[in-house]
Amino acid sequence: LPRQPAASPLLALDIGGTLIKLVYTASCEGGGGGGGDGAELRFAKFERRRLQECFDFIRAKGLLGCNGTRSTNENVLLKATGGGAYKFADDFREKVGVCLDKLDEMDSVVSGANFLLQNIPGAAFTHMNGQRNPVDVSPNNLFPYLLVNIGSGVSILKVTGNRKFERVTGTHIGGGTMFGLAKLLTGCKSYDEFLQLSQKGDNFVLDLIVKDICGELVCQKQGLSTSTLASSFGKVITSKKRLTDYKPEDLASTLLSAFTYNIAQIAFLVASLLGLRRVFFGGSYIRGHKSTMENISFAIDFWSQSQMQAVFLRHEGYLGALGALMSYGD
Ligand code: ADP
């Protein structure tokens, strides 16, 4: 981290379609009394519809008291990224008395990822077959890589260096789509509840697998795995069951696997087209959730015949906010 005097916390925000992410510094309490010679990063998030709670948090933590750079009119100037930095700029000015210094979202996401990868040991890891392993990302073997940021939508970027990147493509069928459907279909109230439900469920109650179509014998003959998904939700078509006859757990499990495999497959296709072998995944969709990471890893490994690697990042939901924080040093 850029060294900051102990009494001067920094705060940056990423106001996305679903969540507001905050990254801020707190001085390390080494020996007390003003001489802290480092700062620690702290993370917080709020649902976007709970903007007021975010304001209260910023005030309660004293993150505006003495910090940050100040604009010429002595208003506090906060680095902020994400579409909401434009939409809610007036709210921040009127309700908290701060001006938002708006930064490009993709720039920030890439800066945040590069910062993590180049400065935080152990920030990158694989998660496959139940094992989490650190990935060596020394500067000379880091670039180029594909960055797949799974938020409300999905952005896919080719990163070739510090501040060197291209937004290659994306898809609107992302975390917002999945969680939106999850709320409608399972009645879950929070993302955590959705993830917990999915862990207790069985996706094969709703998913059609190759064995259901071909029969076990044909699968064996043709060397197909009997559990390969043929059609997510495909069993529903031929069933007499109604929505309420399905367990929310099973619905959640099917939703999570359908979206996760689909996004991973798109990531694989883009990486193949660009000839990239390492794919980093970020965004709050992942939420450090084991089976999400396992499924992404499985899909990338399966489609690439083990030629590509899915890599995950600690603090994956905060890439944009981290990048915004780093820009105080510019
Ligand atoms: P954005 O910047 O578009 O808000 P994020 O990277 O913050 O994107 O990811 C938002 C997605 O992460 C949601 O669509 C949902 O799939 C998932 N998610 C993780 N945690 C939460 C949460 N607490 N509330 C809502 N969605 C969450």
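Quick note: the sequence shown uses the numbering used here, first residue 253, plus one each step.
Heads up, the beta-carbon is just placed ideally off N, CA and C, and yes, glycines get one too.
Owing to the predicted nature of the structure, the values given are computational and were not obtained by experimental measurement.
Check: residue i C-beta below 7 Å from any heavy atom of the ligand ADP
i, result
"K542", "no"
"L293", "no"
"E299", "yes"
"L409", "no"
"G439", "no"
"M358", "no"
"M545", "no"
"G575", "no"
The beta strand (DSSP E) enclosing residue i, as first and last residue numbers
i, result
"E546", "Counting along the chain, E546 falls outside any beta strand (DSSP E), though it belongs to the alpha helix (DSSP H) covering 542–556."
"Y397", "397–402"
Where the alpha helix (DSSP H) containing residue i begins and where it ends
i, result
"R311", "303–312"
"M358", "357–371"
"I518", "500–526"
"K331", "K331 -> not in any alpha helix (DSSP H); beta strand (DSSP E) instead, spanning 328–333."
"N392", "391–394"
"L577", "571–578"
"G534", "G534 -> not in any alpha helix (DSSP H); beta strand (DSSP E) instead, spanning 530–534."
Exposure label - residue i; buried when at least 16 CB within 10 Å
i, result
"S505", "buried"
"H598", "Residue 598 is absent from the structure shown; the chain starts at 253 and stops at 582."
"C280", "exposed"
"N547", "buried"
"G413", "exposed"
"G374", "exposed"
"D454", "exposed"
"E357", "buried"
"E568", "buried"
Could you pull out every unbroken beta strand (DSSP E) segment of at least 3 residues lying fully inside the region 418–497, listed in chain order?
-> Taking 3 residues as the minimum length, the beta strand (DSSP E) runs contained wholly in the region 418–497 are 481–483, in order along the chain.
Just checking, does the region 476–492 make contact with the region 532–549 on the three C-beta pairs under 8 Å criterion?
-> Judged by Cβ distances under 8 Å, the region 476–492 makes no contact with the region 532–549, as fewer than three pairs qualify.
Does the region 375–383 touch the region 559–568, meaning 3 or more C-beta pairs lie closer than 8 Å?
-> Yes, the region 559–568 touches the region 375–383.
contact_flag[the region 567–578, the region 358–377] where n(CB pairs < 8 Å) is 3 or more | Between the region 567–578 and the region 358–377, the count of Cβ pairs shorter than 8 Å is three or higher; the stretches touch.
Would you say the region 392–408 touches the region 513–531, given that touching needs at least three Cβ pairs under 8 Å?
-> They touch, by the three-pair rule.
Just checking, does the region 419–436 make contact with the region 470–484 on the three C-beta pairs under 8 Å criterion?
-> With the cut-off at 8 Å, the region 419–436 and the region 470–484 do not touch.
Would you call the region 492–503 and the region 366–374 touching, i.e. three or more CB-CB distances under 8 Å?
-> Judged by Cβ distances under 8 Å, the region 492–503 makes no contact with the region 366–374, as fewer than three pairs qualify.
Flag this pair as touching only if the region 342–359 and the region 301–320 have three or more C-beta atom pairs under 8 Å; answer yes or no.
-> The region 342–359 makes contact with the region 301–320, as at least three CB pairs between them are under 8 Å.
Is the region 505–524 touching the region 397–414, taking contact as three or more C-beta pairs under 8 Å?
-> Yes, they touch.
With contact counted as at least three CB pairs below 8 Å, one residue from each stretch, are the region 326–336 and the region 348–357 in contact?
-> In this structure the region 326–336 lies against the region 348–357, because at least three pairs of beta carbons, one per stretch, are closer than 8 Å.
Segment contact, 8 Å Cβ cut-off, at least three pairs: the region 466–477 with the region 547–561 | Taking 8 Å as the limit for Cβ pairs, the verdict is that the region 547–561 does not touch the region 466–477.
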